[in-house]
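Working notes, structure below.
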Amino acid sequence: MMKKTQPAVLAKMKNTPSLQKSTLLRVVTTAFISVGLGLSLCANAYHEGNSIQQASNDTQMETAPTLATLTNYQENVPFMYSSGLPDAAHFSLLKEKGLTHVIDLIPGDRSSEILTTSELGLDYFNVPVDWEGPTLANFLNYAAFMQSVDVSKDKVLTHCKLNWRGAAFTYLYRINVLGENEQNAKKDLMAIWHPNPTWYAFMSDVITHYNALNNSQVAMSFDAALPEQG
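Structure below.
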């Protein structure tokens with residue numbers, strides 16, 4: 046008899062208001078949980094996407110080229126810069142600073158730099174200076190080009206590989222042609238390197254030439270670096 050009456054009892058219970066209310070509550074609760082999970086997943090996806098984008102932006106900022114990465118870069122006087130070998134990004138940054146002329150002291154095939162500077166609209170000039178044998182003629186060639194520059198509006202970069210040649214040439218130009226105080230010019234030179242006997246002899250020749258030309262008495266206030274002992 047119980048087996049026959051049980052379905053009827055259950056049917057009555059299902060039709061009671063309390064059971065209907067309980068069922069409705071479970072449905073609504075389940076729906077809110079589903080919506081909440083969906084919003085949480087969306088929020089996590091948003092934050093992950095933003096984190097990835099931020100990390101990408103931070104990496105780009107860290108790797109963005111700056112003049113701080115240009116070897117031995119100096120701003121010697123308002124219209125004269127010097128440095129080691131720049132890459133294309135460095136040339137672009139210097140162009141933004143107003144660079145108009147480039148003097149390259151490196152010998153050999155310079156076609157890549159000629160192309161880069163040409164694309165940027167920079168005036169390029171090469172004075173191939175042998176590291177083991179710099180000459181007075183090298184410097185006079187350099188000085189002739191420098192004197193064609195309009196110092197009121199142009200800016201010139203003198204560069205080599207490490208700015209050792211460049212630092213010597215800019216030092217010599219400043220004290221012999223611009224008439225700058227030797228002690229001031231020496232600070233920039235010594236910040237880069239201390240000339241060895243070969244370069245010291247070359248620099249003495251240049252100074253002697255200009256002293257005779259200008260009836261001046263310019264002199265270096267330092268001696269040549271001692272040769273390295275093997």
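So the mapping is simple: this note's numbering equals the position in the sequence shown, first residue as 1, plus 45.
Ideal placement from N, C-alpha and C gives every residue a C-beta, glycine not left out.
Given the structure is predicted, the values throughout are model-derived calculations rather than measurements.
Inter-residue CB distance, residue i and residue j (contact presumed, cutoff 8 Å)
i, j, result
"L139", "Y126", "7 Å"
"V122", "R219", "7 Å"
"D250", "L181", "5 Å"
"Y208", "S128", "Before going on, a small fix: residue 208 reads as Asn here, not Tyr. Their Cβ separation, rounded to whole angstroms, is 5 Å, which keeps N208 and S128 in contact under 8 Å."
"N221", "I252", "6 Å"
"L277", "A213", "With the chain represented from 46 up to 275, any question about residue 277 goes unanswered, as that position is not in the structure."
"H146", "L112", "That pair is no contact at about 17 Å."
"K206", "L130", "5 Å"
Coil, strand or helix - residue i by DSSP
i, result
"M191", "helix"
"M125", "strand"
"L185", "helix"
"Q228", "helix"
"T116", "coil"
"L217", "helix"
"W238", "coil"
"D268", "coil"
"S249", "helix"
"A109", "coil"
"L258", "helix"
"D175", "coil"
"T180", "coil"
"E273", "coil"
Residues that residue i bridges to, as DSSP identifies them
i, result
"Y169", "V147"
"V201", "M125 and H146"
Residue i at chain D interface by Cβ criterion, 8 Å
i, result
"L112", "No chain D appears in this structure, which consists of one protein chain only."
Measuring CB atoms only, is the region 244 to 264 touching the region 150 to 163, in the sense that at least three cross pairs come out at less than 8 Å? Because the criterion of three Cβ pairs below 8 Å is not met, the region 244 to 264 and the region 150 to 163 do not touch.
Should the region 265 to 274 be regarded as contacting the region 184 to 201, the criterion being three or more beta carbon pairs within less than 8 Å? No, the region 265 to 274 is not in contact with the region 184 to 201.
What beta strand (DSSP E) runs, 3 residues minimum, are completely inside the region 132 to 166? Qualifying beta strand (DSSP E) stretches, in chain order: 146 to 149.
Would the region 111 to 119 and the region 162 to 182 be scored as touching if the rule is three or more Cβ pairs under 8 Å? Two segments are said to touch when three or more pairs of C-beta atoms, one from each, lie closer than 8 Å; by this definition the region 111 to 119 does not touch the region 162 to 182.
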